[in-house]
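Chains as they are written, first to last, in the working numbering: chain F, 1 to 263; chain L, 1001 to 1157. We put the CB at the ideal spot given by N, CA and C, even for glycine. To keep things clear, I will list the structure first and then write my remarks on it.
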């Protein structure tokens, strides 16, 4: 049963935008919304099925990183997307599109314009406000699905010190209480819209992402034993990095950004 | 049949985009199949003593992303799982975790064999076969190209 503060804005969204066909499944506490959503996707769940939890006991980020998810302190959700198999640029840009959508949702709900850090960290200054990860299932087949996970910090909580030093929250930034249901409804509507836009072509997503990511140009980054300066993204979403030996094109792996708070 | 002849044959099949080819010559029978996600080549064990596993596999090593990847071994058919995308290959769900698949493992169709990351999208790569993993071609955390060989599986018949 969806709590009233989430049900009301979702109902309003349904009235305003009936074509946004979401099916939100609420859990008070789950190990990870990603696991619940992946199981649903493997079982055939449709595009727009969303798993939302008040608390995650084993919230996760990329490659074993933990997403601290105390009860009521954040928005923890996983959105099941069913991209058409012919949408060739969809998979390379879906994580960028998700970042753009979360940014759109926060802007629409609360008027706060956040930055994106490649590929899709949602930042306020040097601190992270929201994180996104995505998992592909049966890609390249008729049953392909992408599960998009979003963790958004609503209010400052008793984070472990290493997280507190590099995280921020919506209420912390705005200095007032935030209606989480409204933020959730706007983020979900934006995900719906940006994924639909991406299916028809990459142009809007690339333009919106580039406009929202000041750090994609001229920032120092380090990886392995190398370093360089960011030089934008190409049309496949890859980060271009200028180094002493030329321009490198990065699509995966762990980059360090000295200008941002250290992980 | 010499290695050069087999290489020529593979070039011929590639240039004509044939999906399947079978030839019997001097008591050696060779069948080459080409597809998008996997490729199977068989050299029947009993009929093909002059063609050993190594030379037949060699052209594939020279051109890992080519549309035809011949593989043979003493046990007959091997199915090759190839990368559907460019990205970083991970054998486990997270650092320090048990690999999803190891040589000698019996896997089922649909079982996740590895993860390839691209643009922070974690792609689970499933087995298309029931069978035994006989080779893993890529080291953990290495970059892989489109069409690069990842695993060899001996399907259970």
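Annotation: Cβ neighbours of residue 119 of chain F in chain L (cutoff 7 Å, chain order): 1119 and 1120. Across the region 73-97 of chain F, CB contacts with chain L closer than 8 Å involve 91, 92, 93, 94, 95 and 96, in sequence order along the chain. Residue 166 of chain F and residue 146 of chain F have their C-alpha atoms some 28 Å from each other. Residue 99 of chain F: member of the alpha helix (DSSP H) spanning 90-110, first to last residue. A direct Cα-Cα distance of roughly 16 Å separates residue 163 of chain F from residue 173 of chain F. Using a Cβ-Cβ cut-off of 8 Å, residue 1140 of chain L does not count as an interface residue toward chain F, since no Cβ of chain F sits closer than that to its own. A straight line joining the alpha-carbon of residue 16 of chain F with that of residue 56 of chain F spans about 31 Å.
Taking a Cβ-Cβ cut-off of 8 Å, residue 199 of chain F has no neighbours in chain L, whose nearest Cβ is about 16 Å from it. Your pair residue 136 of chain F and residue 1121 of chain L checks out as a contact, with CB atoms roughly 6 Å apart and the cut at 8 Å.
Here residue 194 of chain F is near residue 97 of chain F, since their CB atoms are less than 8 Å apart. Within the region 104-136 of chain F, the residues whose Cβ lies closer than 7 Å to any Cβ of chain L are, in chain order, 119, 120, 133, 134, 135 and 136. In this structure, residue 1129 of chain L keeps its C-beta atom at 8 Å or more from the C-beta atom of residue 1083 of chain L.
Residue range 203-212 is occupied by the alpha helix (DSSP H) that includes residue 207 of chain F. Restricting attention to L/1148, L/1149, L/1081 and L/1140, the CA atom closest to the CA of residue 1111 of chain L is found in L/1081.
When rounded, the separation of the alpha-carbon atoms in residue 1105 of chain L and residue 1079 of chain L is 15 Å. Scanning F/235, F/259, F/260 and F/226 for the CA closest to the CA of residue 248 of chain F turns up F/226. The three-state reading of DSSP puts residue 1134 of chain L in strand, counting E and B together.
Taking a 10 Å sphere around the C-beta of residue 217 of chain F, we find fewer than 16 other C-beta atoms and assign the residue as exposed. The closest CA to that of residue 199 of chain F, considering only F/121, F/93, F/181 and F/38, is found on F/93. A direct Cα-Cα distance of roughly 32 Å separates residue 46 of chain F from residue 1149 of chain L.
Against residue 1086 of chain L, the close residues of chain F are 251, in the order they occur along the chain (beta-carbon pairs closer than 8 Å). In the displayed model, residue 118 of chain F falls within coil according to three-state DSSP, outside both helix and strand. Our two residues, residue 220 of chain F and residue 41 of chain F, have alpha carbons roughly 39 Å apart in a direct line. The beta carbon of residue 1124 of chain L falls within 8 Å of a beta carbon belonging to chain F, placing the residue at that interface.
The Cβ of residue 146 of chain F sits closer than 8 Å to at least one Cβ of chain L. Of all residues in the region 216-243 of chain F, the ones placed with a Cβ closer than 9 Å to any Cβ belonging to chain L are 236, 237 and 238, in chain order. Look at residue 144 of chain F here: in three-state DSSP terms it is coil, with no helix or strand label.
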